[in-house]
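According to this note's numbering, the sequence shown is numbered sequentially starting from 7.
For glycine and all other residues, C-beta sits at the position ideal for the given N, C-alpha and C.
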Amino acid sequence: MSAATTRSRTPDRLCAEAVDIARAAAEEAAAPGAVGEHVSLVSEGDRVVTHFFECLESGYRGWRWAVTIARASRAKNITLDEAVLLPGPDALLAPEWVPWSERLRPGDMGPGDLLPTEAEDLRLEPGYTGEDMPPPNSVIAEVMPSDDLAERVEAEDAELTDRGPWTDATAANGRGAIAALAEELGMRRARVLSRYGLHIAADRWDESYGAKTPMAQAAPANCVSCGFLVPMAGSLRQAFGVCANEFSPADGHVVSLSYGCGGHSEAAVMPKPPTPPPPVFDSMGVDEFPLRPARDGGSVEPEPDGESEDLGHS
Ligand code: SF4
């Protein structure tokens, strides 16, 4: 049977009664007036008991002074083991510490901040630089010996030389051709996005500007047919582009081709201004106008029938 199972669960009577000894020890360890009521006691083992006292300090709500005392076998003297301040079940505790690299959130970086990228960052993988040595300030300068990179270049040169239609001159310039091609593809970098890095970037962008967003669901058409979409380079161009409509909520952001908004270049047609009706010329009707103003300022003096008739027919 183990020692733990033989321990007495019942507190030793003499130790349990030695509350005053325990309180004196707590008051000696604490600031004056910081020890409150006796809260409880627990048996730690044979003739070993811990007494708990309230902590009255304002910054330690729910904490307790724990004083452990003990007694030797067949001895009546109580001896002090330790007096410490421990958190109780309702103690106010600081949150668990989290390393800064796990605390960092998108948008936390400010002007002048530097965010180091780990050498083993899964989002990145070594790129092809065409150089024998990675840049001196690159983290992979330490993990990738320069010989490795040189070997890779030599291997690619040899592969190019072995290919049929290539001439000796072309093969001799293989290294330059690779470098030129790499530059054209934007690969002359110490590290490039890994497959994992591409996937998580695509997921993130799709979540913000993808087909499942409310804006896209209510859009009259998708970005793929919009004139404001600027194509991207690389494999991500199959699913994403950049919106360049200043009135769109996605202006300057990477958008999924299946995203969309009301600013689509073709979906919404500008309303035309209303066209006024053409003027109507009534060439058949006759309007009567008096030649003289009315004498009494009110009613118009009627023309003699003969004159009116003459004017109407003239
Ligand atoms: S304007 Fe709207 S539909 Fe056009 S690319 Fe931008 S987000 Fe897509």
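Helix, strand or coil: how does DSSP classify residue i here?
| i | result |
| --- | --- |
| residue 41 | strand |
| residue 25 | helix |
| residue 20 | helix |
| residue 205 | helix |
| residue 263 | coil |
| residue 15 | coil |
| residue 211 | helix |
| residue 89 | strand |
| residue 132 | strand |
| residue 109 | helix |
| residue 243 | helix |
| residue 175 | Residue confidence for residue 175 is low, a pLDDT of 49 falling below 50, so the modelled location carries little weight; the figure read from the coordinates is stated next. Helix. |
| residue 104 | coil |
| residue 230 | helix |
| residue 124 | coil |
| residue 217 | coil |
| residue 32 | helix |
Where residue i and residue j are concerned, what is the direct C-alpha to C-alpha distance, given to the nearest angstrom?
| i | j | result |
| --- | --- | --- |
| residue 46 | residue 79 | 24 Å |
| residue 103 | residue 109 | 10 Å |
| residue 213 | residue 101 | 30 Å |
| residue 91 | residue 69 | 7 Å |
| residue 116 | residue 72 | 46 Å |
| residue 93 | residue 99 | 8 Å |
| residue 48 | residue 88 | 14 Å |
| residue 228 | residue 270 | 8 Å |
| residue 206 | residue 237 | 20 Å |
| residue 232 | residue 244 | 15 Å |
| residue 299 | residue 293 | 16 Å |
| residue 258 | residue 125 | 30 Å |
| residue 222 | residue 289 | 58 Å |
| residue 248 | residue 255 | 12 Å |
| residue 50 | residue 15 | 8 Å |
| residue 63 | residue 20 | 30 Å |
| residue 113 | residue 128 | 21 Å |
With a cut-off of 8 Å on the beta carbons, I'd call residue i and residue j a contact; round off their distance for me.
| i | j | result |
| --- | --- | --- |
| residue 262 | residue 224 | Between residue 224 and residue 262 the Cβ distance is about 15 Å, and since that is not below 8 Å, they are no contact. |
| residue 210 | residue 133 | Rounded, the Cβ-Cβ distance is 22 Å, inconsistent with contact. |
| residue 77 | residue 53 | 4 Å |
| residue 59 | residue 39 | No, residue 59 and residue 39 are not in contact; Cβ-Cβ is about 12 Å, not under 8 Å. |
| residue 199 | residue 130 | 7 Å |
| residue 260 | residue 246 | 5 Å |
| residue 220 | residue 274 | About 18 Å separates the two Cβ atoms, so there is no contact after all. |
Across which residues does DSSP place residue i in a beta bridge pair?
| i | result |
| --- | --- |
| residue 249 | 235 |
| residue 58 | 46, 72 |
| residue 65 | Answer by DSSP bridge pairing: none, since residue 65 is not bridged. |
| residue 51 | 54 |
| residue 199 | 130 |
| residue 77 | 84 |
Give a yes or no on whether 8 Å exceeds the smallest Cβ distance from residue i to chain C.
| i | result |
| --- | --- |
| residue 67 | Reference to chain C is not applicable here, since this structure consists of a single protein chain. |
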